[in-house]
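The sequence shown begins at 504 in the numbering used here and counts up one residue at a time.
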Amino acid sequence: MQISLQEVVGKNYADFWRCRQRYRVVKGSRASKKSKTAALWFIVNLMKWPTANLLVVRKVFRTLKDSCFTELRWAIERLGVGAFWEIKESPLEMTYKPTGQKIYFRGLDDPLKITYI
Numbered sequence: 504m505q506i507s508l509q510e511v512v513g514k515n516y517a518d519f520w521r522c523r524q525r526y527r528v529v530k531g532s533r534a535s536k537k538s539k540t541a542a543l544w545f546i547v548n549l550m551k552w553p554t555a556n557l558l559v560v561r562k563v564f565r566t567l568k569d570s571c572f573t574e575l576r577w578a579i580e581r582l583g584v585g586a587f588w589e590i591k592e593s594p595l596e597m598t599y600k601p602t603g604q605k606i607y608f609r610g611l612d613d614p615l616k617i618t619y620i
């Protein structure tokens, strides 16, 4: 599958997309596509690397559904790969059907729920 970075993400994010460093610092004001670009990057790379999984963590679990979960769901639809993903809201979880890869969502308000992952 070929993706046009400029068409899907927009301008000024080529460095972010191609970065191979462990950590990235993304600066920008509100509505500058930081979260959208990150969500697209995670979905594309999960589909690219069949042994990878993703753990999404926020300080409080109840804020995940309206933030990270929604952004990743948007990215799946934006890339047109919704048929390949199973998305569950209880528990919050996304599964890439061809390989069984998972995206897990956890809050730091209950550290015991993270330990088994």
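Glycine included, each C-beta is placed from N, C-alpha and C at the ideal position.
Predicted model, so just to flag it, every value in this text is computed and none were measured.
Exclusion of the five residues before and after residue 538 leaves 574 as the residues of its chain whose Cβ lies within less than 7 Å of its Cβ. Where residue 598 is concerned, the enclosing beta strand (DSSP E) starts and stops at 595-599. Under the three-state reduction of DSSP output, residue 547 falls in the helix class. Residue 545 places its beta carbon 9 Å or farther from that of residue 617. In this structure, residue 602 keeps its C-beta atom at 9 Å or more from the C-beta atom of residue 591. Under the three-state reduction of DSSP output, residue 563 falls in the coil class, being neither helix nor strand. By the CB criterion at 9 Å, residue 595 and residue 608 fall inside the cutoff.
Under the three-state reduction of DSSP, residue 524 is assigned to coil, being neither helix nor strand.
Between residue 612 and residue 547, the CB-CB gap reaches or exceeds 9 Å.
A direct Cα-to-Cα measurement between residue 577 and residue 550 gives close to 15 Å.
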